[in-house]
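Engineer: There's a structure below that I have some questions on.
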Amino acid sequence: MHQEHNLKATCFGEILWDLFPGKDKTAGGAPFNVGYHLHQMGIEVHMISAVGQDALGDELLKKLDRWNISSKGIQRNSDYPTSTVVATIDEDNEAHYEIKEGVAWDHIQLMDTDMQQIKEAKALVFGSLAARNSVSRETLFSLVESSSYRIFDVNLRPPYIDQELLLQLLQKSDLAKFNAAELQLVLSYLGKQYKDVKDGIFFLQDHFEIPEIILSRGASGATYFHGKNVYALPAAKVVVEDTVGSGDSFLAGFVSGRLSGMNPEEALEQAICLSGFVTSKSGACPDYTQQDIVAMQEVYRQQS
């Protein structure tokens, strides 16, 4: 792995506390998790979000500081609280979330300093959840217009699925990441019948003019589409501790690889191994070094 430490990426969206039954609260939110893993993989991260003027907000900012991730783009809002999410784990080890409304990240303002960061960054990573409210949505659209490489982690969270918003964000994306259910939903919105996944993704690439699409296939691995080139790799074989944040770490592994000049297969392998490592640990943001992921890749190649 040959990461340059001056590569910059911006992550926009929700930053929050996940409340799991019988456990301590954990810091989370997809953009927050992606930012953590980009940082661990050698990318300089600028987070754009908002927390309340409260103790929970103080704790989140302290956590970012401990990780040496800049909190300059995290706004403080005295009118809305820091976000909390009540999470439950089902019998299949999958996480389900109840996301509280009227929270600080619903009201992210457009700041001149953030616009400057977007221009300096090699990528902007965003999802759709943080755009559920008009204030943050307008901010996101402005940031997207100024970014040179726009990465949309589709990452749908019912009931916050807005068809018009989803299609608008896809129209503005350079790279989009879907799982199978999200892919099926978007194709159904467009009334597209498709004979196989490849056919469906090629249709989306043409329809939205998206150069790159990643399809995460969970335990079956992942496929990356770049133009009409297709790259597929199986998942890493690990003992799963939990799946919280596995998609976020996957995306960070891929993006950090591509930004640092890896070819598609190398970036995809790094993404799969980072995601596998994270699912073998508890929580979305376990502690690790880049060397841990190199070791994971060596095991992965032997498995394959």
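Numbering (full-length UniProt numbering), first residue to last: 1 to 304. All residues carry an ideal CB built from backbone N, CA and C; glycine is no exception.
Given a threshold of 16 other Cβ atoms within 10 Å of its Cβ, counted over all protein chains shown, does residue 55 qualify as buried or as exposed?
Structural biologist: exposed
Engineer: Verify the CB distance criterion: does residue 255 have a CB-CB separation below 7 Å to chain C?
Structural biologist: In the structure shown, chain C does not exist; there is a single protein chain.
Engineer: Excluding the 5 residues flanking residue 155 on each side, which residues of the same chain have their C-beta closer than 6 Å to its C-beta?
Structural biologist: 30 and 127
Engineer: Between the Cα of residue 199 and those of 229, 160, 172 and 95, spot the shortest distance and give me the residue it belongs to.
Structural biologist: 229
Engineer: To the nearest angstrom, report how far apart residue 24 and residue 86 are at their CA atoms.
Structural biologist: 12 Å
Engineer: Pairs of beta-carbons, one from the region 276 to 283 and one from the region 190 to 207, closer than 8 Å: are there three or more?
Structural biologist: no
Engineer: Alpha carbon to alpha carbon, how far is residue 130 from residue 50? Give it in angstroms, no decimals.
Structural biologist: 10 Å
Engineer: For the alpha helix (DSSP H) containing residue 207, name the first residue and the last one.
Structural biologist: For residue 207, the enclosing alpha helix (DSSP H) has its first and last residue at 197 to 208.
Engineer: Assuming residue 186 contacts residue 166 under a Cβ cut-off of 8 Å, what Cβ separation, rounded to an integer in Å, is found between them?
Structural biologist: The Cβ separation is near 7 Å, so the contact holds.
Engineer: Restricting to Cα atoms, I'd like to know which of 139, 273, 32 and 286 is closest to residue 45.
Structural biologist: 32
Engineer: Count the other CB atoms within 10 Å of the CB of residue 4; is the residue buried (16 or more) or exposed (fewer)?
Structural biologist: Residue confidence is low: residue 4 scores 46 on pLDDT, short of 50, so the model does not pin down where it sits. Its coordinate-derived value is still stated next. Counting the other Cβ atoms within 10 Å of the Cβ of residue 4 gives fewer than 16, which makes it exposed.
Engineer: Who are the Cβ neighbours of residue 192 in its own chain at under 7 Å, not counting the five residues just before and after it?
Structural biologist: 200 and 203
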